[in-house]
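Its first residue numbered 19, the sequence shown is counted upward by one per residue in the numbering used here.
By construction, the Cβ of each residue, glycine as well, lies at the ideal position given by its N, Cα and C atoms.
Treat the numbers as computed from the prediction; the structure is a model and nothing was measured.
Please read the structure below before turning to the comments.
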Amino acid sequence: MSGVWMKKSCSPPAVGKPGREMKIGVLALQGDFEAHLKMLMRCEVEAIAVRQAAEITEIDGLIVPGGESTAIGKLADLFELTEPIRNRVQNGMPLFGTCAGLIWMAREIEGSDQPLLGLLDVTVARNAFGRQVDSFEADIPMPLLGDRPLRAVFIRAPYVLQAGEGVQVLARYEDKIVCVQEGNLLGAAFHPELTSDERLHRHFRRMVEDSKNESAPHHLAYNAR
Ligand code: GLN
């Protein structure tokens with residue numbers, strides 16, 4: 019009798035399955051989602067295009083691509099994706115927005131009341147680099163990714179006008195904030211998916227890995243009781 023009890027209590031705790039596969043979704047309503055899917059495959063991540071609420075439950079992280087932020091916001095509302103995404107992100111799922119994606123994630127857009135996810139504590143200015151310089155490339159220092167600067171492609175890009183206290187500034191271009199992280203939220207004003215440099219996507223992949231591993235201590239605590 020006591021042997022049975024011993025066996026049960028001494029069995030190894032069922033901690034969060036090391037090496038469990040991860041899946042990252044790319045919101046595929048509008049914009050350059052294909053380039054993100056390709057980049058994720060290069061980073062050896064299983065990637066899916068997300069268009070339906072059911073797919074939100076399958077993924078461990080989500081990328082919102084560049085495109086047109088008003089269209090993305092309206093389509094996300096229309097297809098009833100905004101609320102399920104908001105719920106998952108508020109419960110810790112990592113989210114990475116690039117350009118229009120960053121705009122959609124923001125709490126506030128200067129001079130616009132377009133539909134937003136509204137979770138990232140920043141105020142963003144759209145098309146902020148001026149019409150003369152619609153599109154340009156620059157090497158921007160990003161210490162998080164190492165000494166080598168990141169090649170950044172800006173296309174009618176926004177920048178962050180104001181960032182809340184919990185927001186970490188990862189990169190600036192000519193004093194303008196162009197890359198930020200706030201916990202599980204990562205936002206870039208440029209298009210890292212349009213270069214061959216995988217480092218920012220690999221950083222996001224690590225955020226997703228970490229968010230999955232965070233469940234281990236809870237399992238441990240539960241099993242130890
Ligand atoms: N200018 C676009 C917007 O405001 C963003 C451009 C982009 O995603 N490349 O939505």
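Annotation: Val-185 is outside any beta strand (DSSP E) and is labelled neither H nor E by DSSP. With respect to the 8 Å criterion, Gly-84 and Gly-136 are not classified as neighbours on the basis of their beta carbons. Ser-229 and Pro-112 have their C-alpha atoms some 7 Å from each other. A straight-line Cα-Cα distance of about 7 Å links Ile-103 and Ile-74. Contact check between the stretch 90 to 107 and the stretch 59 to 71: three or more CB pairs, one atom from each, fall below 8 Å, which counts as touching.
For Arg-125, the distance from the CB to the nearest heavy atom of the ligand GLN is not below 7 Å. Using a C-beta cut-off of 8 Å, the stretch 218 to 226 makes contact with the stretch 75 to 82, since at least three inter-stretch Cβ pairs fall below that distance. Remark: the shortest separation between the CB of Ala-175 and any heavy atom of the ligand GLN falls under 7 Å. A distance criterion of 7 Å places the beta-carbon of Arg-169 beyond contact range of the ligand GLN, judged by its closest non-hydrogen atom.
Annotated as proximal: Val-198 and Val-178, with beta-carbon spacing under 8 Å.
Looking from the CA of Glu-211, the closest CA among Gly-201, Phe-114, Lys-41, Ile-90 belongs to Phe-114. Per DSSP, Ile-158 is one residue of the beta strand (DSSP E) stretching across 153 to 158.
In this model, Val-44 and Asp-215 are separated by some 18 Å (Cα to Cα). Unbroken alpha helix (DSSP H) stretches of 4 residues or longer found wholly inside the stretch 48 to 118: 51 to 60, 71 to 74, 87 to 96, 100 to 108, given in chain order. For Arg-125, the three-state secondary structure derived from DSSP is strand. Of all alpha-carbon atoms in Leu-204, Arg-190, Glu-232, Met-160, the one lying nearest the alpha-carbon of Trp-122 is that of Leu-204.
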